[in-house]
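Student: Numbering (our numbering), first residue to last: 16 to 303. One structure follows; several queries about it will come next.
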């Protein structure tokens, strides 16, 4: 019997590019590599975003890596010397180098979508295919105001001197279409994780990088989206209130090999709210 894939059994840590990088891995060592890059909410990590997706991808023969990006999870939380997406892309490439992986496919959710896009721009030979889920940076909202409702709730939590459980619930509820998945236990888990001093330090350093006006242009990835020529699947929840669906169309038009899939009855968490469909869609995209 194959043992269950748990957070503990799949956890790994390596030193790469001068940083300790934590990740979870499953699947055949000689299989095609898929790296999953998580979103940027308080207390987020590779496992919190994609832990439930690891087993189906591994069972499909994909060597699947859930990375804790810089400033998140159990990875290092350095003071950054460039914009966040550049720093995270460089760290991701350092991880590939350390693991002896020449090229990988990438899943990028929200913040992780921005990292994946920057990686494709700066290190095009290291990228095969891209699956971008309500990604940051490459979107340009046509009808919704900025900041969006979801980003405003994130600001409310991260900028509060003493963030509350209610603020965490408000943020998580915006991410989900079906708010019943935002249980008391889930709120408590994410809230306590977000209050950890190391997690707070990481969030502050990520936020400082995004707030630095010298690096603002580097975060506007939509300006260079036309240079991302890799086969790209854009996925969106129709009811996404963090990166709304109208933001998809600039990327869809600009990226030469992009196509778009929209999940109905779905917010910012397609991998959770529409897990079966998401897994089938993504696995088919990466294996054909």
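Here a beta-carbon is modelled for each residue, glycine too, at the ideal position from N, C-alpha and C.
Suppose you measure from the CA of residue 258 to the CA of residue 283; what does that come to, to the nearest Å?
Tutor: 8 Å
Student: If you draw a straight line from the alpha carbon of residue 89 to that of residue 208, how long is it in whole angstroms?
Tutor: Approximately 11 Å, taken between the alpha carbons.
Student: Could you check where the beta strand (DSSP E) with residue 148 kicks off and where it finishes?
Tutor: 142-148
Student: Distance, Cα to Cα, residue 241 vs residue 234?
Tutor: Their backbone Cα atoms lie some 15 Å apart in a straight line.
Student: Hey, residue 2 and residue 29: beta-carbon distance below 8 Å or not?
Tutor: Since the first residue shown for the chain is 16 and the last is 303, residue 2 is missing from the structure and cannot be characterised.
Student: Under 8 Å: do the region 31-42 and the region 133-144 share three or more Cβ pairs, one atom per stretch?
Tutor: no
Student: Helix, strand or coil: which one does DSSP assign to residue 183?
Tutor: helix
Student: Could you tell me the alpha carbon to alpha carbon distance between residue 187 and residue 119, rounded to whole angstroms?
Tutor: 30 Å
Student: Keeping to the same chain, check which residues put their C-beta closer than 7 Å to that of residue 281; ignore five residues upstream and five downstream.
Tutor: 192, 252, 253, 254, 288 and 289
Student: Does the region 168-182 come close enough to the region 266-276 that 3 or more CB-CB pairs lie under 8 Å?
Tutor: Cβ pair count under 8 Å is below three, so no.
Student: Where do the ends of the beta strand (DSSP E) carrying residue 172 lie?
Tutor: Premise fails: residue 172 lies in the alpha helix (DSSP H), 164-173, not in any beta strand (DSSP E).
Student: Provide the residue span of the alpha helix (DSSP H) that contains residue 23, from first to last.
Tutor: 22-25
Student: Going by the CB atoms, is the gap between residue 125 and residue 55 shorter than 8 Å?
Tutor: yes
Student: Since residue 48 is in the beta strand (DSSP E), which residue starts that stretch and which ends it?
Tutor: 48-52
Student: If distances are taken between C-alpha atoms only, which option among 83, 74 and 144 comes closest to residue 19?
Tutor: 74
Student: Determine the DSSP secondary structure at residue 127, reduced to helix, strand or coil.
Tutor: helix
Student: What did DSSP end up calling residue 274 once you bin it into helix, strand or coil?
Tutor: strand
Student: Do residue 93 and residue 220 have their beta-carbon atoms positioned less than 8 Å apart in this structure?
Tutor: yes
Student: When the Cα atoms are used, what is the spatial distance from residue 231 to residue 237?
Tutor: 12 Å
Student: Could you pull the start and end residues of the alpha helix (DSSP H) that residue 222 belongs to?
Tutor: 212-226
Student: Short of 7 Å in beta carbon distance, which residues of its chain neighbour residue 202, apart from the five on each side in sequence? Order them along the chain.
Tutor: 180, 183, 184 and 187
Student: Ends of the beta strand (DSSP E) at residue 248?
Tutor: 247-252
Student: Could you tell me the alpha carbon to alpha carbon distance between residue 76 and residue 303, rounded to whole angstroms?
Tutor: 13 Å
Student: From the DSSP output, read off the bridge partner residues of residue 29.
Tutor: In the DSSP assignment, residue 29 forms a beta bridge with 36.
Student: Taking 8 Å as the limit between beta carbons, can you name the residues of its chain near residue 64, skipping five residues before and five after?
Tutor: Result list for residue 64: 51, 53, 54, 81, 124, 127 and 286, in chain order.
Student: Output yes or no for whether 8 Å exceeds the beta carbon distance between residue 100 and residue 129.
Tutor: yes
Student: Under the rule that 16 or more other beta-carbon atoms within 10 Å means buried, what is residue 199, buried or exposed?
Tutor: So residue 199 counts as exposed.
Student: Could you say which of 112, 86, 153 and 206 lies nearest to residue 177 if we only look at CA atoms?
Tutor: 206
Student: Pick out whichever of 97, 70 and 110 has its Cα sitting closest to the Cα of residue 25.
Tutor: Nearest to residue 25 by alpha-carbon distance, out of 97, 70 and 110, is 70.
Student: Does DSSP classify residue 137 as helix, strand or coil?
Tutor: helix
Student: Taking buried to mean at least 16 other C-beta atoms within 10 Å of its own C-beta, is residue 148 buried or exposed?
Tutor: buried
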